Structures are given as C-alpha cells and as structure tokens.
Amino acid sequence: MNKDNETYLKLFRRNSSSQKKSLFSREAKVAAVTTSVVALFCLIATICYFAASNNYIISGYSISNQNLSSIQTNKNQKQEYPLRCTKRNKTETQACPRDYFPTTHNPTNQSRQVCPSYFRWIHEDLKPWKDKGITREMLEGARSETYFKIVIVDGKMYVEKYKDSFQTRDVFTMWGILQLLRLYPGKIPDLELMFNCGDRPLISLEKFQDPNASTPPLFGYCSDQSNLDIVFPDWSFWGWPEVNIKPWNGLLKDIEEGNKRIKWKDRVPYAYWKGNPNVAPTRKNLLTCNVTSENDWKAHLYIQDWIKETNEGFKESNIGNQCTHRYKIYIEGIGWSVSEKYILACDSMTLYVKANYHDFFIRGMVPLQHYWPIRDNTKCTSLKFAVEWGNIHYDKAQAIGQAASKFIQEDLHMNNVYDYTFHLLNEYAKLLRFKPTIPQGAVEFCSETMACDVNGIQRKFMEESMVMSPSDLNPCTIPPPYDSMTLHEVLERKVNSTRQVEIWEDEYWLTKNKGQ
6 MNKDNETYLK LFRRNSSSQK KSLFSREAKV AAVTTSVVAL FCLIATICYF
56 AASNNYIISG YSISNQNLSS IQTNKNQKQE YPLRCTKRNK TETQACPRDY
106 FPTTHNPTNQ SRQVCPSYFR WIHEDLKPWK DKGITREMLE GARSETYFKI
156 VIVDGKMYVE KYKDSFQTRD VFTMWGILQL LRLYPGKIPD LELMFNCGDR
206 PLISLEKFQD PNASTPPLFG YCSDQSNLDI VFPDWSFWGW PEVNIKPWNG
256 LLKDIEEGNK RIKWKDRVPY AYWKGNPNVA PTRKNLLTCN VTSENDWKAH
306 LYIQDWIKET NEGFKESNIG NQCTHRYKIY IEGIGWSVSE KYILACDSMT
356 LYVKANYHDF FIRGMVPLQH YWPIRDNTKC TSLKFAVEWG NIHYDKAQAI
406 GQAASKFIQE DLHMNNVYDY TFHLLNEYAK LLRFKPTIPQ GAVEFCSETM
456 ACDVNGIQRK FMEESMVMSP SDLNPCTIPP PYDSMTLHEV LERKVNSTRQ
506 VEIWEDEYWL TKNKGQ
C-alpha cells in the first residue's frame with residue numbers, strides 16, 4: 006500500500022463508544038365493576054415484565070429475554086430476527102446465538118421469475134472448471150493471492166483470514182454473504198472459496214491455458230479478457246462507511262429521488278465527473294478535457310478530496326445530489342470502479358470511457374441502449390462530440406439515460422444482487438470435487454459476531470443492510486448458458502454499436518475541420 010493509502014486508512018481507524026438504552030414493556034389491566042347501589046372498585050391485576058438478564062440490542066435499544074425467539078409487531082407481519090447481542094462487558098466474547106434464526110424456510114409464494122439476462126454470465130465465468138471440476142489442490146493454488154477463505158458447512162459460515170484488505174472491503178463482503186444465508190436459510194450448499202479484495206483480477210488466462218493446468222478458482226470484484234477470476238458483487242452493496250456511501254437499497258431510493266429534482270431538459274447541458282484522479286493515469290488525462298478559456302470540451306470535471314470530505318462531514322459527496330447534468334462520465338480507476346452503478350443509476354446519459362475490466366452486471370448492458378461509448382485515447386474530442394450529439398438528438402439521449410436508470414433500478418435491485426450471489430455460489434458448489442470441511446483455526450462468523458462489537462457508521466450500515474427475515478419468495482430462475490452462436494451475436498452487437506458511434510464521431514470532426 007502506498008503512503009497516500011496508508012495516510013487515508015489511518016483517518017478511518019476511529020472508535021467511538023456506543024450507548025445502549027433499555028426498553029421495558031409494561032402491561033396493565035384494570036377492571037371496574039359497578040352496581041346501581043354501591044360503587045365497588047376492584048383492582049384485578051397489574052403485571053410488569055422486567056428483564057433479569059441478557060439484554061438484546063434492537064436498532065439502538067435493548068429488549069429483555071423472556072423466551073424471546075423473534076420480534077413481531079403484529080399478527081399480519083412476518084417474524085423478524087434482529088441482532089441478539091448478549092455481550093454484557095468488554096471481557097465477554099460475543100457468540101453466535103443458537104436456535105434463533107431459522108435454519109430452513111419454505112416460501113409462502115412459490116412463483117418464480119426469470120433472472121435478468123446478465124445472470125447467464127455465471128455459466129461463462131465458471132466454464133474453465135466445467136469439465137474437470139474443482140479439486141482441493143486447485144482451490145489451495147489461489148491461497149497466495151487470497152485475502153480470506155470462506156467455508157460454509159450446514160448453513161454456517163467460517164472464515165480463515167490471510168491478510169487485511171483496504172478499509173472494510175473484506176468485512177462488508179463477508180457481511181453480504183452472511184445476509185444471503187439469512188435470506189435463503191438451508192439453501193446454500195456446503196462450499197469453500199477463496200476471495201481477492203484487490204482492485205484487479207489475478208488469475209492469468211495465459212498462465213493456465215494448458216488443458217491440464219490446475220486453474221485456481223478465485224473470487225473477486227472484477228475481471229477482464231486476460232484473466233479467469235470469478236466476478237462477485239462488490240462490498241459497497243452493503244455499505245462503504247469510510248466514504249459514507251450507504252447500503253444499496255437506501256442509496257437507490259436517494260438516487261431515484263435525485264432524478265426527480267431536476268428534469269432532464271433543465272439539467273446542465275455538459276458532461277459531469279467527480280472523482281479521485283490520482284489513482285490512474287487515464288483519470289489524470291481526463292482532467293485535460295475540463296472547460297478552459299481556450300477550449301470547451303463540454304465537460305465539467307471535479308477532483309474529489311475524500312480526506313477533506315471526511316473532515317467536513319461528507320457535505321459535498323452525496324451521490325443522490327449528483328444527477329444535475331444531462332451527461333455523466335464513467336472512467337475506471339486502478340481497475341474497475343465502484344462508481345459505475347451510481348453513475349448509471351442517474352437518468353443522465355452515461356458517457357462510458359472504454360474500459361478494460363468488467364463487474365458482474367455491466368455485461369448485461371449495451372452501448373447506445375444503456376450508455377454512450379467514449380474513446381480512451383481521444384477522450385476530449387470524443388466527449389465533446391457525445392455532448393453535442395445529445396443536445397441535438399435530445400429525445401434519443403434522454404432515452405439512453407432512462408434505459409440505464411431503469412436497468413439499475415430493476416435488474417440491479419438488491420433482490421437480484423442476492424439472487425445472483427445465490428446462483429453463483431450454487432453453481433460453483435456443484436463443481437467441487439471434494440467435501441468442504443471446517444479448517445482448524447477457522448472462526449465461525451454470524452451477524453452478531455460481526456456487528457455487536459462495532460459502533461458508529463459501520464454498525465449503522467450493518468443494521469440498515471441486515472436481512473431480518475427469510476425470503477417468502479424463491480430465488481429467480483437462472484437462464485441457461487449461452488450457446489456459442491448467441492454469445493457471438495451478443496458480443497458482436499456491442500462491438501458494432503461502439504463502432505457505429507466511432508464512425509459518427511469521425512464524420513463529425515471531419516466535417517467540422519473542413520469548415521474551419
């Protein structure tokens with residue numbers, strides 16, 4: 006980790022104590038009996054229930070243990086299972102509660118929806134192991150690149166940690182898997198997997214081209230055409246406390262409200278980008294496209310100073326308030342960027358700078374339908390053309406932005422994020438050629454062991470993203486794998502759409518330069 010990252014990381018190692026309030030319930034029943042002659046009052050009973058021990062934390066309050074197995078506000082609501090924090094002092098160790106959260110669940114609604122089309126890429130990502138399966142030797146081959154190992158046995162999750170990730174990437178990735186176990190109890194098979202929390206994929210296709218190669222399966226947040234890493238939803242779906250980005254469900258609502266504040270035609274008719282340019286040369290190059298007195302490349306570009314934002318309470322980094330321009334720019338950082346989904350969620354037309362890496366959902370999106378492709382080697386001229394095209398072809402540009410926003414709001418809803426993870430882990434587990442076992446020294450993880458001992462914004466995001474009850478819906482039905490012809494057509498469509506934009510752009514600048 007470079008010095009900037011070390012300095013940045015230290016800013017977020019802050020602890021604050023949490024205060025717990027006690028909540029006691031009191032029920033009183035008073036009956037009055039009267040006659041026509043004598044008024045007779047009789048106090049029948051007043052019953053007070055006080056806790057003798059074991060207070061359980063519920064969203065900042067505690068509730069006592071009187072054979073409590075779940076919290077239920079009324080008969081029409083399904084049972085909820087909040088955190089059961091039993092630790093009473095610093096010397097105690099928080100344990101995973103037993104006989105509390107259901108280990109199985111039969112959904113009341115048996116109907117099934119078909120998953121979005123990008124789920125088909127699960128089959129493609131796992132194809133390197135389709136024929137031979139995954140041996141323990143293959144799995145252990147990824148250990149040197151791994152941040153942690155996840156083992157699931159009988160619905161319980163165990164973790165063997167090898168090294169720390171940057172910030173809380175590892176923590177919220179593990180938290181997300183735990184919530185999946187709560188959403189679909191008893192439906193995640195036994196498995197073992199290795200996870201990379203870095204920005205770039207690591208399992209080189211060139212290194213493992215030999216049919217007899219023992220290709221190690223390694224999960225991570227992105228991959229590319231030169232690597233075989235298995236793509237997994239990133240940590241920020243469950244929250245990113247270091248930069249105050251809330252869990253996806255709540256953030257989606259904020260962006261949806263932000264979209265409504267300014268009508269598309271009333272937005273600034275320029276491209277907008279705000280981020281950290283210091284993580285990659287391509288981002289520094291992007292800054293040369295900013296508006297100056299000499300050149301108007303139709304772009305408003307801003308440097309995001311996260312250290313300053315942290316010190317000032319994140320006043321200028323609210324993602325829900327950034328849908329103010331007709332066009333928004335997506336550009337990679339060290340690798341793929343978390344910002345991708347936030348930018349596409351705005352119904353501004355996304356100007357998507359040619360990317361090297363992909364996450365799990367972008368492969369379901371198409372140039373000219375969901376975003377406008379931007380050349381990486383001539384960003385400024387490419388951006389200027391895109392904005393001028395959009396301001397002339399007003400309805401078409403708006404439709405592209407709305408199609409992307411609709412995709413993110415619907416196909417990337419948190420239910421689908423969980424279902425993608427569900428199917429990915431189930432399909433992966435089918436390939437294992439060994440019996441998953443709990444390694445010596447591995448620690449059992451549950452929501453209580455992860456959340457009860459933390460406080461502040463990390464605790465807040467965990468509570469907000471916590472699955473409170475098993476799902477009453479089955480997971481969506483995963484589509485079948487692509488056949489070779491269909492996959493070729495999908496890829497060819499993307500190439501042709503991008504090429505069409507490049508032809509328009511070349512013709513535009515040729516005509517413009519001739520007119521000068």
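My numbering puts the first residue of the sequence shown at 6, with every later residue one more than the last.
The beta carbon of each residue, even a glycine, is placed where N, CA and C say it ideally should be.
Computed from a predicted structure; not experimentally measured.
- Here DSSP, grouped into helix, strand and coil, assigns residue 148 to helix.
- Taken in chain order, the complete alpha helix (DSSP H) segments of 4 residues or longer contained in the segment 94 to 136 are 126 to 131.
- Comparing alpha-carbon positions, the option among 279, 359, 286, 311 lying closest to residue 329 turns out to be 279.
- Just so you know, the alpha carbons of residue 230 and residue 362 end up roughly 8 Å apart.
- In this structure, DSSP gives residue 308 an extended state, which the three-state scheme calls strand.
- The Cβ atoms of residue 294 and residue 385 sit closer than 8 Å to each other.
- Assigned with DSSP and collapsed to three states, residue 478 falls in strand.
- Within the DSSP secondary-structure output, residue 166 pairs in a beta bridge with 153.
- In this structure, residue 383 sits away from residue 337, with a CB-CB distance that is not shorter than 8 Å.
- The alpha-carbon of residue 409 is positioned some 16 Å away from that of residue 502.
- Using a Cβ distance threshold of 8 Å, residue 88 and residue 457 count as a contacting pair.
- When rounded, the separation of the alpha-carbon atoms in residue 215 and residue 150 is 21 Å.
- Rounded to the nearest angstrom, the Cβ distance from residue 466 to residue 238 is 16 Å, too far for a contact under 8 Å.
- Annotated three-state conformation of residue 344 is helix, per DSSP.
- Between residue 341 and residue 310, the C-beta gap is not smaller than 8 Å, which leaves the two residues out of contact.
- Here residue 378 is bridged, per DSSP, to 357.
- Counting of Cβ neighbours within 10 angstroms places residue 163 among the buried residues, the total reaching 16 or more.
- For the pair residue 117 and residue 421, the CB atoms are not nearer than the 8 Å cut-off.
- Per DSSP, reduced to three states, the secondary structure at residue 250 is strand.
- Closest in C-alpha terms to residue 219, from the list 208, 448, 97, 228, comes 208.
- Within the segment 382 to 433, the complete alpha helix (DSSP H) segments of 4 residues or longer fall at 384 to 397, 399 to 411, listed in chain order.
- With respect to the C-alpha of residue 441, the residue from 454, 359, 505, 198 having the closest C-alpha is 198.
- Here residue 131 is buried: its Cβ has 16 or more other Cβ atoms, across all protein chains shown, within 10 Å.
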